[in-house]
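J.: Residue numbers (our numbering): 488 to 632.
Written out as structure tokens, the structure reads:
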């Protein structure tokens, strides 16, 4: 059944999408990526795309922030952000040039920082890492409902 769902999504494709490339030199890219995400989702309703609640916009901004922060901290250099809006979900992809995959750390309430992957897993429908010839793609899928 999963294959049929995956195949159906692939044939329908996204309703809207936007891609942004960052050169990695400016740490302002985290804030920029959050703003691009909010603007993209807010504009979706105006373009008669699927409605996106304020709560979903906030969660999407959090996910993008965590993904791009991981690039800044662990894979400095160029990165790309791809947002694909489907009827029922938002897929967020961040591309970077590092081959190392993010790893969730064990629960430790005393640890300061390094909870990004835990946050992604908690709020996203799925999180995956795809190796690429020159780095990787980290993709997170958020339900719109």
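Beta carbons: idealized from backbone N, C-alpha and C, even for Gly.
Would residue 628 and residue 578 be called neighbours here (beta carbons separated by less than 9 Å)?
T.: Yes; because the gap between Cβ atoms is below 9 Å, this pair is in contact.
J.: Quick one: using the 10 Å Cβ neighbour count with 16 as the cut-off for buried, is residue 488 buried or exposed?
T.: Unreliable placement is indicated for residue 488, whose pLDDT of 40 sits below 50; the coordinate value is still reported in the next sentence. With fewer than 16 Cβ atoms within 10 Å of its Cβ, residue 488 is classed as exposed.
J.: Does DSSP classify residue 575 as helix, strand or coil?
T.: Coil at residue 575, not helix or strand.
J.: Tell me which same chain residues have a C-beta within less than 6 Å of the C-beta of residue 623, skipping the five on either side of it?
T.: Only 616 meet the Cβ criterion.
J.: Do you know how far the Cα of residue 605 is from the Cα of residue 613?
T.: Approximately 12 Å, taken between the alpha carbons.
J.: What's the gap between the Cα of residue 649 and the Cα of residue 543?
T.: The requested residue 649 is not part of the displayed model; the chain covers only 488 to 632.
J.: On the criterion of 16 or more Cβ atoms from any shown chain inside 10 Å, does residue 589 qualify as buried, or is it exposed?
T.: Buried is the call here.
J.: Measure how close the beta-carbons of residue 502 and residue 574 come, nearest whole angstrom, since I'm counting them as under 8 Å.
T.: At roughly 6 Å, the Cβ-Cβ gap stays under 8 Å, so residue 502 and residue 574 are in contact.
J.: Can you look up residue 548 in the DSSP assignment and give me helix, strand or coil?
T.: Residue 548 falls in the helix class under three-state DSSP.
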